[in-house]
Each structure stands twice: as C-alpha cells, then as structure tokens.
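All remarks here apply to the structure that follows.
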Amino acid sequence: MLSAQARIAADANKLLARVSLLLPTAPTSQPRFFRPLPPLQLGTIDIRDSLEVLGCSRATTTALASLFQAAQAKLQEASQTSYERTMRGLAATSSEGDQACNGASEVLRTRYMGDYVAARNRLRAQLLAEVTAARDRVASSVESTEGRGSFSDEVVAVLERA
C-alpha cells in the first residue's frame, strides 16, 4: 500500500499531465526565419566647441562633454534595443519571414534613426540651455555684489552712512 504522500504525488503527476495537454505550446524564442539585424547607424556629436563658446573652463568642458557622451551612448543603446524588439515582434507576426520584414525594415530603420537624432539634439539643447542659465545666474550674482567685497547688507549700510 502506498503512503499518503506517494498517492498525493501520483495524483499530482496525473493532473499535471492533463493540464499540459490543455496548454498551448511554448513559443520559440526567435522565429526560425529571423536573421540578425544590422545595427542602426547612430552618429555622435561633440559638444566641446559649443561649451567653449559659452565660456566654460577646460575642466568644466571636459566634465560636461563626458556626461553628454555617456548620455548619447545610452540613447544609442535604447534606440537599438527598441528597434530590434520591434523587428522581432514584426517577424513573429508574419508567416512570410524575412520577405515581409524587408520593406518595413528600412522604414523602421529610418524612423528609429530620426528619433535618435531628434532626442540627441534635444539633449544637447537642454544641456547648453542649462549651462547658459547657470552662467547668467553667476553673472547676475556677481553684478549685485560688485564693489561690496564680502560685506553683508547691514555692514554696507553702516559704511555708507559713515
């Protein structure tokens, strides 16, 4: 005679065998007709000249250019990953394989590259706008304290009355 645990295990195996027949088969990780995609041609730009025109020091220019390069790399990676995911999804829905994807591939490549360039240019404009705003804030604070040295408003008022 089987123990209670053995009977439970046997019944569970029977149930799992029936359930597995009802479930759809697992999809393959990649369609058999999907070939590797060539990488998108996502160019980079250097922001150093623009930063120097704004009057940034060499150290500041180097730091901000490095930050901008890292942000561009992340944008490139996100664009490439999104493009590949879209193309795999498209290929998985088509029974014709690569032939159905060829026409869409060029359209999608152009779209993803254009979106990347637009995002990169927005990032550049935002960074330069922030640098310009910081420069203007510093310039206005220097103008308002010019001639005072490090004296507080109260000290300046006393000195002016004397």
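Residues -10 to 151 in our numbering are what the sequence shown lists, from first letter to last. For each residue, glycine too, the CB sits at the ideal point set by N, CA and C.
Looking only at its chain, what residues have a beta carbon closer than 8 Å to the beta carbon of residue i, apart from the 5 residues adjacent to it on each side?
| i | result |
| --- | --- |
| residue 49 | 40 |
| residue 98 | 29 and 72 |
| residue 57 | 36, 112, 113 and 116 |
| residue 105 | 29, 31, 64, 65 and 68 |
| residue 152 | Absent from the structure is residue 152, since the part of the chain shown begins at -10 and ends at 151. |
Apply the 10 Å Cβ neighbour rule to residue i and answer buried if 16 or more other Cβ atoms are within range, or exposed otherwise.
| i | result |
| --- | --- |
| residue 122 | exposed |
| residue -6 | exposed |
| residue 54 | buried |
| residue 74 | exposed |
| residue 109 | buried |
| residue 120 | buried |
In its own chain, which residues sit with a C-beta less than 7 Å from the C-beta of residue i, not counting the 5 before and 5 after it?
| i | result |
| --- | --- |
| residue 124 | 43 and 44 |
| residue 96 | none |
| residue 51 | none |
Here's a check: name, in chain order, each residue in its chain whose Cβ is nearer than 6 Å to the Cβ of residue i, leaving out the five neighbours to either side.
| i | result |
| --- | --- |
| residue 20 | Confidence at residue 20 is low in this model, with a pLDDT of 47, below 50, so the placement of that residue should be treated as unreliable; the coordinate-derived value is given next. Excluding positions up to five away in sequence, the list reads 80 and 81. |
| residue 10 | none |
| residue 33 | 61 |
| residue 7 | none |
**OP:** Starting from the N-terminal side, write out each stretch of the alpha helix (DSSP H) that is 4 residues or longer and does not extend beyond the region 36 to 80.
**Re:** Whole alpha helix (DSSP H) segments, 4+ residues: 37 to 42.
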